[in-house]
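K.L.:
There are 2 protein chains.
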Amino acid sequence: MFILYFAPHTCSLASHIALEEAGADYEIRLIDFNVREQQSSDYLEINPKARVPALKTPQGVLTETPALLAYIAQRFPEAGLAPRDDAFAFAEMQAFNSYLCSTLHIAHAHRMRGYRWADDPAAIAAMQKKVPDAVSACYALIERQLLRGPWVMGARYTVADPYLFTIAQWLEDDGVDPDLIPRVIEHRSRMSERETVKKAIADEQAA
Amino acid sequence: MFILYFAPHTCSLASHIALEEAGADYEIRLIDFNVREQQSSDYLEINPKARVPALKTPQGVLTETPALLAYIAQRFPEAGLAPRDDAFAFAEMQAFNSYLCSTLHIAHAHRMRGYRWADDPAAIAAMQKKVPDAVSACYALIERQLLRGPWVMGARYTVADPYLFTIAQWLEDDGVDPDLIPRVIEHRSRMSERETVKKAIADEQAA
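Line by line, the protein sequences are chains A and B. For the first sequence, my numbering gives the first residue as 372, with consecutive numbering after it. For the second sequence, my numbering gives the first residue as 372, with consecutive numbering after it.
#1: Check for me: the alpha helix (DSSP H) holding residue 432(A) runs from which residue to which?
#2: Under the rule that 16 or more other beta-carbon atoms within 10 Å means buried, what is residue 463(A), buried or exposed?
#3: Here's a check: name, in chain order, each residue in its chain whose Cβ is nearer than 6 Å to the Cβ of residue 378(B), leaving out the five neighbours to either side.
#4: Locate the alpha helix (DSSP H) running through residue 566(B), then write down its first and last residues.
#5: Whose CA, out of 381(B), 530(B) and 392(B), lies closest to the CA of residue 569(B)?
#6: Smallest Cα separation from residue 575(B): which of 372(B), 380(B) and 373(B)?
#7: So the candidates are 407(A), 506(A) and 375(A); which of them puts its Cα closest to the Cα of residue 544(A)?
#8: Using only the alpha-carbon positions, how far apart do residue 531(B) and residue 416(A) sit?
#9: By the criterion of Cβ-Cβ separation under 7 Å, what are the contact partners of residue 434(B) in chain A?
#10: Can you give the Cα-Cα distance for residue 470(A) and residue 435(B), rounded to whole angstroms?
#11: Does the region 441–448 of chain A come into contact with the region 496–516 of chain A, if we say contact requires no fewer than three beta-carbon pairs (one atom in each stretch) closer than 8 Å?
#12: Can you tell me where the beta strand (DSSP E) holding residue 425(A) begins and where it ends?
#13: Put residue 541(B) into one of helix, strand or coil per three-state DSSP.
#14: Of the residues that make up the region 405–429 of chain A, which ones have a beta carbon closer than 8 Å to any beta carbon in chain B?
#15: In its own chain, which residues sit with a C-beta less than 8 Å from the C-beta of residue 468(A), not counting the 5 before and 5 after it?
#16: Identify, in the order they occur along the chain, each residue of the same chain with its Cβ nearer than 7 Å to the Cβ of residue 331(B), setting aside the five sequence neighbours on each side.
#17: Taking the CB atoms as reference points, tell me whether residue 514(B) and residue 455(B) lie closer together than 9 Å.
#18: For residue 528(B), name the three-state secondary structure that DSSP assigns.
#19: Is it buried or exposed for residue 394(B), if we count other Cβ within 10 angstroms and need 16 for buried?
#20: Residue ranges of each beta strand (DSSP E) run of no fewer than 3 residues wholly in the region 376–426 of chain A, ordered along the chain?
#21: When we look at the beta-carbon of residue 551(A) and count the other beta-carbons within 10 Å, is it buried (16 or more) or exposed?
#22: Against chain B, with Cβ distances strictly below 9 Å, would residue 476(A) count as a contact?
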């Protein structure tokens, strides 16, 4: 049994979809950011980083979306969610996920979480102002080169797909023009039709 | 034959050390940031992200340090640079590397690369001002909980070690007090005594 600690509208949805696709035996637990539950002593014992997602496994707790996604794919190999026995193809998938985590998600985070990197309200406002440009530049690269189609890595569906889908939920609010990235939008639509994705989103809304 | 595109004093050193530890057949190629070579058309063909590291392999080019490190460990299994056949232990190592990439390195990057996230010079200065706090908080977590000792993952040396060592080169310049993180400093010292590390650094200086 796995327990996924999640918050709605965050990147934890990617791991949630991956668990669903893997056919894992899991439960979800809401961490309520509205009451800063991620800072509670109970949650800090689970994840001292005070963030989501965190995945409680029989062997211990894991954090960081790229690590969780690869773990779910490797732990449930029969689901075929990552290339196996091909270090290069696996690394290509990991590189995509790492880019989402450390470049695209970070560009996005300057809209809502600027306080992580500056205290001055004017500086935080200046960060917010640049978010559309910074995030759009990431999507332009994905549209042009990284997204192979129909899935991120090409013919094969992998855990990179729920990750891109999850982050692509935020692009309109980040000020990205969807008309400039039709392949990303088409990928998002295709993902939203999967039963696993519908179920994960419905379960988060009901939690 | 592998080719590692690197720049001195950047995170590419981590992959360089890992290649050396793996006993790989590789060459290094300097990308000169002083003349913005990372933006040159030749380099953009190799890595459209305009960053280092990039690793040219017989199968194609890989980017993103956490992906490269895992690739090197998996491609050269006899070097024992990552847990094999244990998805949980592998994910723990990947989670550490992902934290360095997307939290610690990002906190550091606001000192020199603030232009990525704001245009206003006052905002960029405000980001620089917060770097000591933001980076110190990351090292406090590593010191207290993530670094098991003697190596990052405990008794076993992995590719997480050259990555922490590489990023720890910058901590004094980031305004972190080394006296508060003795275990990180001891790890850095232990790493600096390895012949592989000495050779990688010397080869970068000579390039």
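All C-beta atoms in this analysis are idealised placements derived from N, C-alpha and C, irrespective of residue type, glycine included. Predicted, not measured: the structure shown is a model, and the values here were computed from it.
P.N.:
So, to answer that:
#1: No alpha helix (DSSP H) contains residue 432(A), which is instead part of the beta strand (DSSP E) from 431–434.
#2: buried
#3: 402, 404 and 423
#4: 566–577
#5: 392(B)
#6: 380(B)
#7: 506(A)
#8: 23 Å
#9: 466
#10: 7 Å
#11: no
#12: 425–428
#13: helix
#14: 419, 420 and 428
#15: 436, 437, 440, 441, 530, 531 and 534
#16: Nothing in the structure corresponds to residue 331(B), since chain B is present only between 372 and 578.
#17: no
#18: coil
#19: exposed
#20: 397–401
#21: exposed
#22: yes
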